[in-house]
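Below is one structure, written out as structure tokens; comments come after it.
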């Protein structure tokens, strides 16, 4: 069963340079929309196990990465391929929207 990986300032670069597409959910404990999208991100981790890497980064605990990517609104979901941002979603959206974005990078 897939589970979203906890990302942080220390392991971030290593993980986004995966040979698979990587979805990163920038979130915080106090953020209502983040709590809505959290279970969706966990479902995607299960759905894409072995095909894509799904991770979560707490913006309150990881200021370096959050600042580097200019994340000002959360949830922000960035999709990386080969260490580069290839897609972005700001705000909570239905699972189908994220599914499409990841599927486009897995293909």
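Numbering (UniProt numbering), first residue to last: 1 to 107. Note that the Cβ used here is the ideal one computed from N, Cα and C, for glycine as well.
{"Check": "Pick from 50, 81, 101 and 75: whose alpha carbon is nearest that of residue 91?", "Outcome": "75"}
{"Check": "Could you give the DSSP three-state label for residue 99: helix, strand or coil?", "Outcome": "helix"}
{"Check": "What separation, rounded to the nearest whole angstrom, lies between the Cα atoms of residue 57 and residue 107?", "Outcome": "25 Å"}
{"Check": "Hey, which unbroken runs of the beta strand (DSSP E) at 3 residues or more fall wholly within the UniProt domain \"Thioredoxin\" (1-107)?", "Outcome": "5-7, 22-27, 53-58, 76-81 and 84-90"}
{"Check": "Considering only residues of the same chain and omitting the five flanking positions on each side of residue 15, which have a CB-CB separation below 7 Å?", "Outcome": "5, 7, 22, 53 and 55"}
{"Check": "Just to confirm, are residue 79 and residue 105 a CB contact at a threshold of 8 Å?", "Outcome": "yes"}
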